[in-house]
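S.K.: Be aware that the sequence shown starts at 2, since it is given in my numbering, and climbs by one per residue.
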Amino acid sequence: MTASGNYIVESDVDNWADAVSSTEEFATGAVAMSTDRITVANDIATGSLLRFSSTGVVPAPLVTGTAYYAIRVDATHIKVATTPVNAAAGTAIDLTDVGSGTHTLDVGEGSSTSDRQAVINRAEQLIERITHDFFYSKAFVIYRDGNDNDRLFLGLIPDILTATEIKISGVALTTSWWTYNTEAVYLDPEAVSTEEGDMAELHLRLKYKRILFPEGKGNIKITGTYGWSSCPAAIKKATIIMCRAENDSTLYPEYSSSLKSEKLGDYSYTLADNKGTVNTGIDKADKLIASYIRRKPMMSSV
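1. Report the three-state DSSP secondary structure of D316 (helix, strand or coil).
2. Answer with buried or exposed for S101, where buried requires no fewer than 16 other C-beta atoms within 10 angstroms of its C-beta.
3. Quick check: the Cα distance between A89 and D44, rounded to an integer number of angstroms?
4. Report the start-end ranges of each alpha helix (DSSP H) in the stretch 108 to 140 that is 4 residues or longer and not cut off at the edges.
5. Under a Cβ-count criterion, where at least 16 other Cβ atoms within 10 Å of its own Cβ denotes burial, should S49 be classed as buried or exposed?
6. Roughly how many angstroms separate the alpha carbons of G171 and I221, rounded to a whole number?
7. Which of the three DSSP states is assigned to V86 in this structure?
8. Cutting at 8 Å between CB atoms, please list the residues of its own chain near A46, excluding the five before and the five after it.
9. Tell me, which residues are paired with I221 by DSSP?
10. Taking DSSP as the reference, what is the three-state secondary structure of N150?
11. Which residue wins for smallest C-alpha separation from A164, given the options D149, F141, S55 and N150?
12. Comparing alpha-carbon positions, which option in V32, S12 and L157 lies nearest G228?
13. Which of helix, strand or coil does DSSP assign to S22?
14. What is the rounded straight-line gap between the Cα of Y181 and the Cα of N122?
15. Spell out the partners DSSP gives V81 in its beta bridges.
16. Is A33 close to chain D? Criterion is C-beta to C-beta, closer than 7 Å.
17. How should T65 be labelled, buried or exposed, when 16 other C-beta atoms within 10 angstroms of its C-beta is the threshold for buried?
18. Does the contact criterion of 3 or more C-beta pairs under 8 Å hold for the stretch 36 to 43 versus the stretch 76 to 84?
19. What residue from A234, L252 and K168 has the CA that sits closest to P215's CA?
20. Is DSSP giving G228 helix, strand or coil here?
21. Under the rule that 16 or more other beta-carbon atoms within 10 Å means buried, what is V1, buried or exposed?
22. Quick check: what's the CA-CA separation for R117 versus A4?
23. Count the other CB atoms within 10 Å of the CB of L272; is the residue buried (16 or more) or exposed (fewer)?
24. Helix, strand or coil for A33? Go by DSSP, reduced to three states.
25. Residues bridged to A185 by DSSP?
26. Which of the three DSSP states, helix, strand or coil, is assigned to L50?
27. Let me know if D146 comes out buried or exposed under the rule of 16 or more other beta-carbons within 10 Å of its beta-carbon.
28. Taking one C-beta from the stretch 93 to 110 and one from the stretch 54 to 65 each time, how about it: are there three or more such pairs within less than 8 Å?
29. Give me the Cα-Cα distance between A234 and R295, rounded to the nearest whole angstrom.
30. With a threshold of 16 other CB atoms inside 10 Å of the CB of T67, please say whether the residue is buried or exposed.
31. Pull the bridge partners of T163 from the DSSP assignment, please.
Below you can see the structure in the form of structure tokens.
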């Protein structure tokens with residue numbers, strides 16, 4: 002199983018190995034059960050993310066691929082903790098067996114599918130927060146107040162792709178009577194046929210001036226999808242750049258360290274003081290997504 006998002010998949014990013022700060026092998030003799038220490042070749046800082054694997058069986062009770070955290074004893078020895086908090090407190094796992102075979106220790110993120118998935122998710126979520134858009138077909142269910150009219154603007158910033166159901170006070174509206182565009186749902190002007198039922202409905206509407214969306218508070222429920230039917234190439238490229246930058250921060254020297262405001266993972270963004278634009282802090286990514294930024298925040302949907 003590999004990591005994947007809505008815009009890219011794991012194989013689109015070519016430098017996952019760079020996110021692992023070091024990899025080393027050690028023999029069973031490097032494991033000291035009496036002191037719960039492991040002898041290592043690199044000086045590993047307390048709190049560093051660790052993952053173990055082996056040609057045989059990893060030292061017990063460690064589990065292959067599970068995230069652990071280092072407790073630095075000295076430049077050539079570590080202990081292993083279950084959480085960053087335990088690592089900071091010096092609370093080590095009791096090693097009960099040295100395992101078998103040759104063991105491998107990966108230090109840093111990027112060595113597991115979950116690490117890579119987290120990087121992809123952070124990049125995609127930041128792009129969505131900056132642009133106020135979804136670059137895939139995202140389902141929505143929203144409630145709106147009836148406006149006593151035959152047209153109801155939904156107030157969704159991403160474009161409506163489909164509207165599949167409308168309910169008025171819990172009763173589904175016949176689909177043949179309404180349609181939609183990128184902004185609204187409305188009475189279909191070509192809905193009437195020569196069938197007896199339709200003609201009777203038309204007569205009632207004309208005589209009593211019935212409207213499609215009666216006034217009310219949250220009485221209209223709309224189900225559908227919004228966003229983009231496919232991801233633009235520029236958004237995909239920007240996502241890849243952001244993932245590569247997280248794996249190796251030296252790739253993009255133009256990366257800004259002066260951003261303020263909010264932070265998401267290793268990325269930060271801010272509202273510019275004068276122009277009201279937002280950015281990733283990576284110039285190449287900024288240029289790719291600039292034309293996709295919508296200027297208003299998205300209204301909530303469930």
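By construction, the Cβ of each residue, glycine as well, lies at the ideal position given by its N, Cα and C atoms. As the structure is a prediction and not an experimental result, all values here were calculated from the model.
M.R.: Checking against the coordinates, here is how it stands:
1. Because residue 316 is not part of the residues shown, which for the chain are 2 to 303, the question remains open.
2. exposed
3. 16 Å
4. 114 to 132
5. buried
6. 8 Å
7. helix
8. A71 and R73
9. R145 and I169
10. strand
11. F141
12. L157
13. coil
14. 31 Å
15. A71
16. Included in the structure is just one protein chain, with no chain D present.
17. exposed
18. yes
19. K168
20. strand
21. Lying outside 2 to 303, the shown extent of the chain, residue 1 is not represented and no answer is given.
22. 6 Å
23. Bear in mind that a pLDDT of 46 at L272, under 50, signals an unreliable position, so the number given afterwards is only what the model happens to contain. Burial call: exposed.
24. strand
25. F154
26. strand
27. exposed
28. yes
29. 18 Å
30. exposed
31. T226
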